[in-house]
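Participant: Residue numbers (the numbering used here): 551 to 862.
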């Protein structure tokens, strides 16, 4: 079976070569042919998955990488050849992401770090550890996030501070720590995970909305300051993605809004999308690759990925 697969891939490569698809000299580094052939077979046919090259050698730090969007981004980065630093408050979750990467890419260069992104000393120490291991920091994704559902008149100040600290203070701390290494290398990409709530507001989420709006301002300031050092900064603004962070909001919103949980999904979460569909972690991860590798002209921008829930 393996021999037949290799023969089939070779035939596709030969056909695509005649169609002017690119080849690197001395290496069968073909783009369309290899990816097309690999998609025709399940990963069970091979010992490991095929690895792309868009982020080859890029040292990428991802916070909140133990689950949800962070895990999807970390795994996507690894699939494109990045050296991935998986950071999470939960050490088991951070390590699980690393193990999933190693399962698909046994030779992947990875590091698992466990720290609180709102702790200034912990952020400085762990970003330094990542830079020491890999020699630099090329990309950082400020993704760690939490949520709290409550109307403003019932909101405890401690909950306000906790939400804004994780989303905005942590983004500042991680940015500052990474910039010190990026500025030395005259290169880098800082990616913030914002939200459609960086653009508009919803009931019951005041601290989250305020913090996500603040992330836009931070990004734009960093983009201006970083330009002289070759550093770009951008924000990804997802719509509702079916992660634990979002799923945990359904029941409390149903209670507060006097709806069923299904009504919350259909009449609140997906109501204003153009097709009633969830955004997926893979959608966000693909944009994260683009922002990590894109041209220097793309900086200070925010891209909404929401099935048309919010349009600019």
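Don't be surprised by glycine CBs; every beta carbon is placed ideally from N, CA and C.
Just reading off the beta strand (DSSP E) that residue 853 is part of, what are its end residues?
Facilitator: If you number the chain shown from 1, residue 853 lands on position 303. Per DSSP, residue 853 belongs to the beta strand (DSSP E) from 851-855.
Participant: Between residue 749 and residue 861, what straight-line distance do the alpha-carbon atoms span, to the nearest angstrom?
Facilitator: On the chain shown, residue 749 is found 199 positions in, with the first residue counted as 1. On the chain shown, residue 861 is found 311 positions in, with the first residue counted as 1. In a straight line, the C-alpha of residue 749 is about 10 Å away from that of residue 861.
Participant: Restricting to Cα atoms, I'd like to know which of 665, 842, 832, 753 is closest to residue 785.
Facilitator: Counted from its first residue, the chain shown places residue 785 at position 235. Of 665, 842, 832, 753, the residue nearest in Cα terms is 842.
Participant: Across which residues does DSSP place residue 637 in a beta bridge pair?
Facilitator: The residue given as residue 637 occupies position 87 in the chain shown. Answer is 613, 663, bridged to residue 637.
Participant: Grouping DSSP H, G and I as helix and E and B as strand, with all else coil, what is residue 735?
Facilitator: Residue mapping note: residue 735 aligns to position 185 of the chain shown, counting from 1. The answer is helix: DSSP assigns residue 735 an H, G or I state.
Participant: What separation, rounded to the nearest whole angstrom, lies between the Cα atoms of residue 678 and residue 660?
Facilitator: Within the chain shown, the letter at position 128 stands for residue 678. Within the chain shown, the letter at position 110 stands for residue 660. When rounded, the distance between both Cα atoms is 15 Å.
Participant: Which residue's Cα is closest to the Cα of residue 847: 715, 600, 782, 751?
Facilitator: Within the chain shown, residue 847 is the residue found at index 297, counting from 1. Nearest of 715, 600, 782, 751 to residue 847, Cα basis: 782.
Participant: Tell me which same chain residues have a C-beta within less than 8 Å of the C-beta of residue 758, skipping the five on either side of it?
Facilitator: The residue given as residue 758 occupies position 208 in the chain shown. Correct list, in chain order: 697, 698, 713, 717, 745, 747.
Participant: So, are the CB atoms of residue 733 and residue 776 less than 9 Å apart?
Facilitator: If you number the chain shown from 1, residue 733 lands on position 183. If you number the chain shown from 1, residue 776 lands on position 226. A contact, by the Cβ cut-off of 9 Å.
Participant: Three Cβ pairs or more, each shorter than 8 Å: is that satisfied between the stretch 765-775 and the stretch 805-825?
Facilitator: With the cut-off at 8 Å, the stretch 765-775 and the stretch 805-825 do not touch.
Participant: Look at the Cβ atom of residue 629, then the Cβ atom of residue 601, and state whether they are nearer than 9 Å.
Facilitator: The residue given as residue 629 occupies position 79 in the chain shown. The residue given as residue 601 occupies position 51 in the chain shown. Going by C-beta atoms, residue 629 is nearer than 9 Å to residue 601.
Participant: Could you say which of 673, 822, 754, 742 lies nearest to residue 705 if we only look at CA atoms?
Facilitator: Along the chain shown, read from residue 1 onward, the residue named residue 705 stands at position 155. The candidate whose alpha carbon is nearest that of residue 705 is 754.
Participant: Rounded to the nearest angstrom, what separates residue 674 and residue 724 at their Cα positions?
Facilitator: Sequence index remark: in the chain shown, residue 674 carries index 124 (1-based). Sequence index remark: in the chain shown, residue 724 carries index 174 (1-based). C-alpha separation (whole angstroms): 8 Å.
Participant: Extract the residue ranges of the beta strand (DSSP E) inside the stretch 671-749, only unbroken runs of 3 or more that lie entirely within it.
Facilitator: If we require 3 residues or more, the beta strand (DSSP E) runs fully inside the stretch 671-749 come out as 689-692, 738-743.
Participant: Note down the Cα distance separating residue 900 from residue 619, rounded to an integer number of angstroms.
Facilitator: What is shown of the chain runs 551 to 862, which leaves residue 900 out entirely.
Participant: Let me check understanding here. Comparing Cα to Cα, which of 658, 832, 795, 614 lies closest to residue 631?
Facilitator: Indexing the chain shown from 1 puts residue 631 at position 81. Of the candidates 658, 832, 795, 614, the one whose C-alpha sits nearest the C-alpha of residue 631 is 658.
Participant: With C-beta atoms as the reference, is residue 615 less than 9 Å away from residue 638?
Facilitator: Looking up residue 615 in the chain shown gives position 65. Looking up residue 638 in the chain shown gives position 88. Yes; because the gap between Cβ atoms is below 9 Å, this pair is in contact.
Participant: Is residue 782 helix, strand or coil when you go by DSSP?
Facilitator: Residue mapping note: residue 782 aligns to position 232 of the chain shown, counting from 1. Note: residue 782 maps to strand in three-state DSSP.
Participant: Sort out for me which residues DSSP pairs residue 787 with in a bridge.
Facilitator: Taking the first residue of the chain shown as position 1, residue 787 is located at position 237. 854, per the DSSP bridge assignment.
Participant: Given a cut-off of 9 Å on the beta-carbon distance, is the pair residue 833 and residue 855 in contact?
Facilitator: Walking along the chain shown from the start, residue 833 turns up at place 283. Walking along the chain shown from the start, residue 855 turns up at place 305. Their beta carbons are under 9 Å apart, which means residue 833 touches residue 855 by this criterion.
Participant: Going by DSSP, name the residue or residues bridged to residue 829.
Facilitator: The residue given as residue 829 occupies position 279 in the chain shown. BP columns for residue 829 point to 791.
Participant: Indicate the three-state DSSP secondary structure (helix, strand or coil) for residue 629 in the structure shown.
Facilitator: Stepping through the chain shown from its first residue, residue 629 is reached at position 79. If DSSP states are grouped into helix, strand and coil, residue 629 belongs with the helices.
Participant: From residue 710 to residue 840, what does the alpha carbon distance come to, in whole angstroms?
Facilitator: Stepping through the chain shown from its first residue, residue 710 is reached at position 160. Stepping through the chain shown from its first residue, residue 840 is reached at position 290. Their Cα atoms are separated by approximately 33 Å.
Participant: For residue 799, I'd like the list of residues in its chain whose CB is within less than 7 Å of its CB, leaving aside the five on either flank, ordered along the chain.
Facilitator: The count along the chain shown starts at 1 and reaches residue 799 at position 249. Excluding positions up to five away in sequence, the list reads 697, 699.
Participant: Looking at residue 738 and residue 688, is the spacing between their C-beta atoms short of 9 Å?
Facilitator: As a first step, residue 688 must be located in the chain shown, where it is residue number 138. As a first step, residue 738 must be located in the chain shown, where it is residue number 188. It is a contact, given that the beta carbons lie within the stated cut-off.
Participant: In the DSSP assignment, the alpha helix (DSSP H) including residue 768 goes from what residue to what residue?
Facilitator: The residue you call residue 768 lines up with position 218 of the chain shown. Here the alpha helix (DSSP H) through residue 768 covers 756-776.
Participant: Can you tell which of 664, 633, 651 has its C-alpha closest to the C-alpha of residue 640?
Facilitator: Stepping through the chain shown from its first residue, residue 640 is reached at position 90. Here the closest residue by C-alpha is 664.
Participant: Below 7 Å CB to CB, which residues in the same chain sit around residue 835 once its five sequence neighbours on both sides are set aside?
Facilitator: Numbered from its first residue, the chain shown carries residue 835 at position 285. Only 622, 623, 626 meet the Cβ criterion.
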